[in-house]
Amino acid sequence: MIDMDDAERCCPPACCDMRGMLSFLILWIVSKGERYGQEVAEELAKRRGEKPNPGTLYPALKELEAKGMVISRSMGRRRYYCLTEEGRKELEAACRYFCQAFGEILRESSP
0 MIDMDDAERC CPPACCDMRG MLSFLILWIV SKGERYGQEV AEELAKRRGE KPNPGTLYPA
60 LKELEAKGMV ISRSMGRRRY YCLTEEGRKE LEAACRYFCQ AFGEILRESS P
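Note that numbering that gives the first Met the number 0 gives residue 68 to position 69 of the sequence shown, counting from 1, and the numbers run on in steps of one.
This is how it looks when you write it as structure tokens:
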């Protein structure tokens with residue numbers, strides 16, 4: 000069992016918007032290596048069953064960048080996103096949070 004103090008138990012980390020966990024998934028995808036927006040969208044489609052529309056994905060990426068969790072750079076017509084150290088810390092906190100919040104549900108539902 001993961002030990003968390005009361006402050007960590009009461010609310011999710013900043014990257015976990017709980018609107019389908021989009022920001023969390025984006026951070027996880029970008030943690031695997033630099034990605035451009037379309038690559039992020041394709042990875043999300045593999046996990047969620049549908050590709051997010053640009054009006055959902057790019058504002059989420061922009062918000063993560065504004066929070067200092069990802070940085071971007073333009074190369075030609077593409078914008079590439081990388082995880083920052085702050086983003087890595089948020090991703091780790093989110094993983095701990097989700098394990099604590101949902102781990103029991105997953106264990107109970109496993110055959």
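Cβ coordinates follow ideal geometry from the N, Cα and C atoms, glycine included.
With respect to the C-alpha of G48, the residue from G54, T55 and A40 having the closest C-alpha is A40. Following the DSSP letters along the chain, one finds R87 inside the alpha helix (DSSP H) bounded by residues E84 to S108. Annotation: A92 to C81 spans about 18 Å, alpha carbon to alpha carbon. Contact between S30 and R87 holds, with the beta-carbon distance rounding to 7 Å and staying under 8 Å.
Under the 10 Å beta carbon count, L24 is surrounded by 16 or more other beta carbons and is classified as buried. When the beta-carbon positions are compared, P53 and L43 stay at least 8 Å from each other.
A Cβ-Cβ contact shorter than 8 Å links E89 with L26. A Cβ-Cβ contact shorter than 8 Å links T83 with M68.
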